[in-house]
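Asker: Structure in structure tokens, see below.
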Amino acid sequence: MDVPGPTNRWEESRRKARSLESTIDLKLVSFSRLGTNTNYNIRGTKNESAQSSTPLLGDDSKHMVDTMALEIEQLLSKLQDVNDNMSDYVNAMGHASPNTTLVHTLQRHRDILQDYRQEFRKTRDNINTCREREELLGDVMNDIHRYKSAATNRKTDLYLKENEHIRSSERLTDEAINMAMATKENLHSQRKMLGGITNRLSNVANRFPLVNSLIQRVNVRKRRDSIILGCVISTCIILLLLYAFRSR
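For the sequence shown, this note's numbering assigns the number 917 to the initial residue and increments by one for each residue that follows.
Structure below.
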């Protein structure tokens, strides 16, 4: 300030520095709020044990975060350039007559820039951690979903196989019942046929009693002839045996 010529350069640099610091401060507040909301959403979703596979950070949110981070980095770079210009001015002035006020002001702007960088890195690291946690949680949820789907498919396959076995058993049972019913019908028809034959024979015997009596007489004579023939044969054998004993 003691030299009139470069004063405008210093003041212009300070105005640019204050404008950039104000803009960066607003950007960092928004960026920090976004990081806090993201962290809260992930903690809340984790505590509630959400079953949805929808990403916590959508594509729009990720694009907004990346865009804001890039803008802040560019602003920090511009603020660094302004501080470098102010540092060059202070160094140039220091050779003539060092000014503690300028040095203090420059150091203050450097400290502000350093604080902004630290806050920006902290918030960015927090958001990156949340993203990694989201990706890990999404992978875990996908694995759980695939495991449940596989378990459900296995259960469905077992149910289908069991259902097929039951249907096979039902078919075998139906076939056995049909065979039993057919056998029953055959036996019933045979019973009717035998009953009809018996009735016919009874009718024949009742209609022809003389034939029945004749048959009985024939049977009696057959038995009598058999008895007589047996007696004759026995007598002949006995006589032969007696003849044989006497001959000795």
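The beta-carbon is built from N, C-alpha and C at its ideal position, and this holds for glycine as well.
For N1015, which of helix, strand or coil comes out of DSSP?
Answerer: Position 99 of the sequence shown holds residue 1015. The answer is coil: DSSP assigns N1015 none of H, G, I, E or B.
Asker: Do the CB positions of V998 and L944 come within less than 8 Å of each other?
Answerer: The residue given as residue 998 occupies position 82 in the sequence shown. The residue given as residue 944 occupies position 28 in the sequence shown. No, they are not a contact pair.
Asker: Which residue wins for smallest C-alpha separation from I993, given the options S1003, R1040, R1033, H979?
Answerer: As a position in the sequence shown, residue 993 is number 77, starting the count at 1. The sequence shown places Ser at residue 993, not Ile. Of the listed residues, the one whose Cα sits closest to S993 is R1033.
Asker: Excluding the five sequence neighbours on either side, which residues of its own chain have a C-beta within less than 6 Å of the C-beta of R1107, listed in chain order?
Answerer: Numbered from its first residue, the sequence shown carries residue 1107 at position 191. The answer is none, since no qualifying residue turns up.
Asker: Could you tell me whether the region 978-986 touches the region 1022-1030, using the rule of 3 or more Cβ pairs below 8 Å?
Answerer: They do not touch, by the three-pair rule.
Asker: By alpha-carbon positions, which one of R1116, D1090, M984 ends up nearest to T1039?
Answerer: As a working mapping, residue 1039 is identified with position 123 in the sequence shown. Checked all of R1116, D1090, M984; the closest Cα to T1039 is M984.
Asker: Report the start-end ranges of each alpha helix (DSSP H) in the region 1025-1085 that is 4 residues or longer and not cut off at the edges.
Answerer: For the region 1025-1085, not a single whole alpha helix (DSSP H) run of length 4 or above is found.
Asker: Between the Cα of D1000 and the Cα atoms of A933, E1035, Q990, L1053, which residue gives the shortest distance?
Answerer: The residue given as residue 1000 occupies position 84 in the sequence shown. Closest option to D1000, Cα to Cα, is A933.
Asker: Buried or exposed: which applies to S929, given that a residue is buried once 16 or more other Cβ atoms fall within 10 Å of its Cβ?
Answerer: Position 13 of the sequence shown, counting from 1, holds the residue named residue 929. Counting Cβ neighbours within 10 Å, S929 comes out buried, since at least 16 surround it.
Asker: For my contact list, A1005 and R925 are in at a C-beta cut-off of 8 Å; report their separation, rounded to the angstrom.
Answerer: The residue you call residue 1005 lines up with position 89 of the sequence shown. The residue you call residue 925 lines up with position 9 of the sequence shown. As written in the sequence, residue 1005 is Tyr, which differs from the Ala given in the question. The Cβ separation is near 6 Å, so the contact holds.
Asker: Short of 7 Å in beta carbon distance, which residues of its chain neighbour A1092, apart from the five on each side in sequence? Order them along the chain.
Answerer: Counting from 1 along the sequence shown, the entry for residue 1092 is found at position 176. Closer than 7 Å at Cβ, skipping near neighbours: no residue.
Asker: In whole angstroms, give me the CA-to-CA distance for M1109 and M1095.
Answerer: Locating residue 1109 in the sequence shown gives position 193, where the first residue counts as 1. Locating residue 1095 in the sequence shown gives position 179, where the first residue counts as 1. Each residue's Cα considered, the two are about 21 Å apart.
Asker: Please report the straight-line C-alpha distance between R931 and F947, rounded to a whole angstrom.
Answerer: Working through the sequence shown from its first residue, we reach residue 931 at position 15. Working through the sequence shown from its first residue, we reach residue 947 at position 31. Answer to the nearest angstrom: the Cα atoms are 24 Å apart.
Asker: What does a CB cutoff of less than 8 Å around E1035 pick up in its chain, not counting 5 residues either side in sequence?
Answerer: Within the sequence shown, the letter at position 119 stands for residue 1035. Excluding positions up to five away in sequence, the list reads L944, S948.
Asker: Would you check if the distance between the CB atom of L991 and the CB atom of T939 is smaller than 8 Å?
Answerer: The count along the sequence shown starts at 1 and reaches residue 991 at position 75. The count along the sequence shown starts at 1 and reaches residue 939 at position 23. Against a cut-off of 8 Å, the Cβ pair of T939 and L991 comes out as a contact.
Asker: I'd like to know whether the C-beta atoms of Q996 and L942 end up nearer to each other than 8 Å.
Answerer: The residue you call residue 996 lines up with position 80 of the sequence shown. The residue you call residue 942 lines up with position 26 of the sequence shown. Contact: no.
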